[in-house]
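There are 2 protein chains.
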Amino acid sequence: MDVAEARFDAFNALCPSRRLLDTIGDKWASLVIVALGLEGPLRYSRLATRIDGVSQKMLTQTLRGLERDGLVTRTVTPSVPVRVDYALTPLGLSLLGTLRHLKDWAEEHMPQVDAARAAYDRGDRV
Amino acid sequence: MDVAEARFDAFNALCPSRRLLDTIGDKWASLVIVALGLEGPLRYSRLATRIDGVSQKMLTQTLRGLERDGLVTRTVTPSVPVRVDYALTPLGLSLLGTLRHLKDWAEEHMPQVDAARAAYDRGDRV
DNA sequence: CGGCATCCTGTGAGATACTG
DNA sequence: CAGTATCTCACAGGATGCCG
Numbered sequence: 000m001d002v003a004e005a006r007f008d009a010f011n012a013l014c015p016s017r018r019l020l021d022t023i024g025d026k027w028a029s030l031v032i033v034a035l036g037l038e039g040p041l042r043y044s045r046l047a048t049r050i051d052g053v054s055q056k057m058l059t060q061t062l063r064g065l066e067r068d069g070l071v072t073r074t075v076t077p078s079v080p081v082r083v084d085y086a087l088t089p090l091g092l093s094l095l096g097t098l099r100h101l102k103d104w105a106e107e108h109m110p111q112v113d114a115a116r117a118a119y120d121r122g123d124r125v
Numbered sequence: 000m001d002v003a004e005a006r007f008d009a010f011n012a013l014c015p016s017r018r019l020l021d022t023i024g025d026k027w028a029s030l031v032i033v034a035l036g037l038e039g040p041l042r043y044s045r046l047a048t049r050i051d052g053v054s055q056k057m058l059t060q061t062l063r064g065l066e067r068d069g070l071v072t073r074t075v076t077p078s079v080p081v082r083v084d085y086a087l088t089p090l091g092l093s094l095l096g097t098l099r100h101l102k103d104w105a106e107e108h109m110p111q112v113d114a115a116r117a118a119y120d121r122g123d124r125v
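Listed in order, the protein sequences are those of chains A and B. For the first sequence, numbering that gives the first Met the number 0 assigns the number 0 to the initial residue and increments by one for each residue that follows. For the second sequence, numbering that gives the first Met the number 0 assigns the number 0 to the initial residue and increments by one for each residue that follows.
In structure tokens, the structure reads:
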């Protein structure tokens, strides 16, 4: 297994695209980025309500990951009670631009995907 | 739970970007698309060797999904033994272009992400 | 308010063996 | 050659309860 694992690690290390996809492919991560992009800096509690269906655990976990990756900043205001704001970094902001490309493709082509899917499920044969 | 689930479905239905991310965020799906993009049509067995570490099960499952979504075609040649070729559709090809945008961002910015990550793990505080 | 620690569960990936 | 079928097991992720 050592050999396989070594190859796998090398593969990941050498493939930035793959690692990017791992990041934005994450359901909550992409939603957080978009939310912060649309509304600017947000408090934790506000993010929680803006992103429908996310659990505390996943929100926190996602934010930690994004912070670690330098995509968002975490600002603690030590008032009582505590206030924590999250915002996109310039890096996160540039990623937002790339996400827009994806969005464009999606809005232009997903209907075709839907049609293909419906046809496939109907069992259409050429 | 009905309410929550209903909202969730509506959310997914109304958000093409999210569904696109679900597709290309899938590890094997994106690798298959890129492999077919780089080398043109490929047989099942060739895909299996080109995509390092994929299991039969996941490869088949991934290809079925991509075929269903109209991104790849599956062509069976009923010789003995059977021969099956997979190729990108025009739709899949256009998606490949979008993936290139992602790749560009990744190659330009992932080093920054790596740096941020290393700093975070080192425990650097501002 | 904004978390972390703990427990619990379901999905889904991998290994293995069999088939048209 | 190109799959399908079955099992097992790990881990992502939800629920809950406590803390600074």
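Using N, Cα and C, we set each Cβ at its ideal position, and we do this for glycine too. Please read all numbers here as calculations on a predicted model, not as lab measurements.
Only residues of its own chain outside the window of five on either side were considered, and among them 34, 38, 41 have a CB closer than 8 Å to the CB of residue 49 of chain B, listed in chain order. Contact check between the region 86-106 of chain B and the region 66-74 of chain B: three or more CB pairs, one atom from each, fall below 8 Å, which counts as touching.
Spanning the alpha carbons of residue 114 of chain A and residue 103 of chain B requires a straight line of approximately 30 Å. Burial state of residue 51 of chain B is exposed, judged by a 10 Å Cβ sphere holding fewer than 16 other Cβ atoms. Against chain B, the beta carbon of residue 27 of chain A has no neighbour under 7 Å; the closest one sits roughly 11 Å away. If you draw a straight line from the Cα of residue 83 of chain A to the Cα of residue 97 of chain A, it is about 27 Å long.
Distances from the alpha-carbon of residue 28 of chain A to those of A/76, A/14, A/46 put A/46 closest. Residue burial annotation: residue 80 of chain B is exposed, with fewer than 16 other C-beta atoms found within 10 angstroms of its C-beta. For residue 57 of chain B, no Cβ of chain A is located within less than 8 Å of the residue's own Cβ. Within the region 33-87 of chain A, the complete beta strand (DSSP E) segments of 3 residues or longer fall at 71-76, 82-87, listed in chain order. Look at residue 25 of chain B here: in three-state DSSP terms it is coil, with no helix or strand label. Take the alpha-carbon of residue 20 of chain A and the one of residue 117 of chain A: they are about 27 Å apart.
When CB distances to chain A are screened at a threshold of 7 Å, the residues of the region 77-106 of chain B falling below it are 90, 93, 94, 97, 100, 101, 102, 104, 105, 106, in chain order. Residues are counted here when their Cβ sits less than 7 Å from a Cβ of chain B; for the region 28-58 of chain A these are 29, 51, 52, given in chain order.
In the assembly as shown, residue 25 of chain A is a buried residue. Its beta-carbon has 16 or more other beta-carbons within 10 Å. Rounded to whole angstroms, residue 86 of chain B and residue 59 of chain B show a C-alpha spacing of 14 Å.
Neighbours of residue 24 of chain B in chain A, taken as residues whose beta carbon is under 9 Å from its own, are 20, 21, 23, 24, 25, 26, 29 in chain order. Going by C-alpha positions, residue 53 of chain B is about 15 Å away from residue 64 of chain B.
In the structure shown, residue 113 of chain A adopts helical secondary structure according to DSSP, grouped into three states.
Between residue 121 of chain B and chain A, the shortest Cβ-Cβ separation is not below 8 Å. As the crow flies, the alpha-carbon of residue 32 of chain B is around 13 Å from that of residue 73 of chain B. Residues of chain B whose Cβ lies closer than 7 Å to the Cβ of residue 111 of chain A are, in chain order, 69, 90.
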